[in-house]
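Whatever position you read off the sequence shown (first residue = 1), add 224 for the numbering used here. Below is one structure, written out as structure tokens; comments come after it.
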Amino acid sequence: MAGAAVSCWNHTGLSPLAPRIPPSSRNHQFKTLELKFTPLFTLQQNSVRHHCKFNPNVVVGFRRRSFKSFLRNKDSQEPQQIHESKSDGKAGQRPMLELNALIGMYKEAVYDNNEEAVSEIEAMLQKLEKEKIELFQKVAALSAEIASGKERSIRLQADFENHRKQSEKKQLRLTTNAQEEVIGSLLTIVDKFEKTKRVVRPQTEKEKKIDTSYQGIYKQFVETMRSLNVSVVETVGKPFDPLFHEAVGREESQQFKEGIVMEEIQRGFLLRGRVLKPALVKVSKGSGLKKAPNTQEEAIGQPTVSSGADK
225 MAGAAVSCWN HTGLSPLAPR IPPSSRNHQF KTLELKFTPL FTLQQNSVRH HCKFNPNVVV
285 GFRRRSFKSF LRNKDSQEPQ QIHESKSDGK AGQRPMLELN ALIGMYKEAV YDNNEEAVSE
345 IEAMLQKLEK EKIELFQKVA ALSAEIASGK ERSIRLQADF ENHRKQSEKK QLRLTTNAQE
405 EVIGSLLTIV DKFEKTKRVV RPQTEKEKKI DTSYQGIYKQ FVETMRSLNV SVVETVGKPF
465 DPLFHEAVGR EESQQFKEGI VMEEIQRGFL LRGRVLKPAL VKVSKGSGLK KAPNTQEEAI
525 GQPTVSSGAD K
């Protein structure tokens with residue numbers, strides 16, 4: 225800094241200021257003298273900047289060396305940073321710190337009018353900007369791929385659920401059909417037991433023992449059918465339903481109203497709510513009695529019904 229031309233103000237570390245020109249001598253001409261000084265101590269960089277105006281070319285070498293050393297250190301540290309970023313989650317903060325340092329050096333270079341350093345830093349910043357754009361594009365592509373994968377996964381899951389439900393329904397249908405065929409062939413045994421029970425009346429002790437053993441077998445057979453979800457169709461006292469009942473006759477009844485099953489001829493059976501065999505029943509036609517007239521007007525012109533006709 226010995227050859228730098230410096231203009232200073234009120235700084236105690238430099239030579240004293242030139243004496244003021246008295247007002248009476250302002251119209252006089254003076255010779256221009258070159259001011260020379262000898263620094264009393266070495267000023268720090270920040271102190272010179274805050275207190276002096278100086279030629280920036282003096283510190284260009286220092287700035288250039290600092291920037292080049294920064295680039296050299298950055299290139300040598302890249303492999304190590306990549307390795308550390310895999311093992312330490314905080315290593316991702318280093319690129320941000322280096323970027324801040326690079327921006328700081330860029331400001332210093334612009335302030336110092338160092339065109340070479342400015343161009344180098346601008347090239348690096350443009351490279352970083354390009355890399356950032358490429359990374360954003362990769363992130364967008366990956367996000368779209370992830371969204372597409374999620375949508376495809378949801379569709380596959382829905383298709384799988386539909387296929388599973390259809391397979392379960394098909395399997396249940398096959399199982400039910402097979403059970404219906406087997407159980408339907410066994411229901412004839414139940415019918416024979418029922419007919420035998422209605423017809424046979426044991427008289428002797430030996431016949432009673434045989435009947436008791438047969439009834440035990442029948443009871444065990446019924447329990448087995450119940451374990452296979454086979455149930456009996458309800459008949460007597462229930463309204464006639466053509467889905468579950470098969471009418472073999474209609475008779476008048478004093479006990480049951482019209483349309484009510486009054487007698488079961490043969491049992492019907494269900495398998496999980498589906499009809500295996502409808503029940504054979506007799507249906508009531510009602511009592512057959514006509515209602516008595518409530519008023520005299522209704523009684524006029526009506527034939528007299530004798531008690532013998534009702535019988």
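Virtual Cβ for every residue (Gly too), placed ideally from N, Cα, C.
How is residue i classed by DSSP in three states: helix, strand or coil?
{"i": "S477", "result": "coil"}
{"i": "F493", "result": "strand"}
{"i": "R498", "result": "strand"}
{"i": "E405", "result": "helix"}
{"i": "R367", "result": "The question names Arg, but residue 367 in the sequence shown is Ser. In the structure shown, S367 sits in a helix (DSSP, three-state: H, G or I)."}
{"i": "E487", "result": "strand"}
{"i": "S511", "result": "coil"}
{"i": "E358", "result": "helix"}
{"i": "V342", "result": "helix"}
{"i": "V460", "result": "coil"}
{"i": "K292", "result": "Note that K292 scores a pLDDT of 49, beneath 50, so its modelled location is shaky; the value from the coordinates is reported in the next line. Note: K292 maps to helix in three-state DSSP."}
{"i": "V424", "result": "coil"}
{"i": "E322", "result": "helix"}
{"i": "S248", "result": "Here S248 scores only 48 on pLDDT, less than 50, and its place in the model should not be relied on; the value that follows carries that caveat. In this structure, S248 counts as helix in the three-state DSSP scheme."}
{"i": "L380", "result": "helix"}
Answer yes or no: do residue i and residue j have a C-beta to C-beta separation smaller than 8 Å?
{"i": "L500", "j": "E470", "result": "no"}
{"i": "F468", "j": "G492", "result": "yes"}
{"i": "K509", "j": "E482", "result": "yes"}
{"i": "I407", "j": "L494", "result": "no"}
{"i": "M348", "j": "L326", "result": "yes"}
{"i": "S451", "j": "E476", "result": "no"}
{"i": "D415", "j": "Q479", "result": "no"}
{"i": "Y335", "j": "I345", "result": "no"}
{"i": "P426", "j": "K419", "result": "no"}
Just the Cα atoms here: how many angstroms apart are residue i and residue j?
{"i": "F417", "j": "E429", "result": "20 Å"}
{"i": "Q361", "j": "S377", "result": "24 Å"}
{"i": "Y438", "j": "T459", "result": "25 Å"}
{"i": "R397", "j": "G473", "result": "35 Å"}
{"i": "S343", "j": "G373", "result": "44 Å"}
{"i": "F445", "j": "A402", "result": "19 Å"}
{"i": "E447", "j": "H387", "result": "36 Å"}
{"i": "Q390", "j": "F384", "result": "10 Å"}
{"i": "Q395", "j": "A382", "result": "20 Å"}
{"i": "E375", "j": "S367", "result": "12 Å"}
{"i": "N337", "j": "I370", "result": "48 Å"}
{"i": "K354", "j": "G328", "result": "20 Å"}
Can you tell me which of the options puts its alpha carbon nearest to the alpha carbon of residue i?
{"i": "T436", "options": "R450, K421, M449", "result": "K421"}
{"i": "V485", "options": "Q478, R498, V472, G461", "result": "G461"}
{"i": "L411", "options": "I434, N324, Y442", "result": "Y442"}
{"i": "E352", "options": "S367, L323, L366", "result": "Contrary to the premise, residue 352 reads as Leu rather than Glu in this sequence. Here the closest residue by C-alpha is L323."}
{"i": "M449", "options": "I434, V423, S409", "result": "S409"}
{"i": "V457", "options": "V363, K356, G440, P502", "result": "P502"}
Can you find the residues in the same chain that come closer than 6 Å, C-beta to C-beta, to residue i, ignoring five residues on each side of it along the sequence?
{"i": "E487", "result": "K506"}
{"i": "A365", "result": "none"}
{"i": "L359", "result": "none"}
Here's a check: name, in chain order, each residue in its chain whose Cβ is nearer than 7 Å to the Cβ of residue i, leaving out the five neighbours to either side.
{"i": "G497", "result": "none"}
{"i": "E404", "result": "L495, L500"}
{"i": "N453", "result": "L495, R496"}
Leaving out five residues on either side along the sequence, give the residues of the same chain with a beta carbon under 8 Å from the beta carbon of residue i.
{"i": "I434", "result": "P426"}
{"i": "Q350", "result": "none"}
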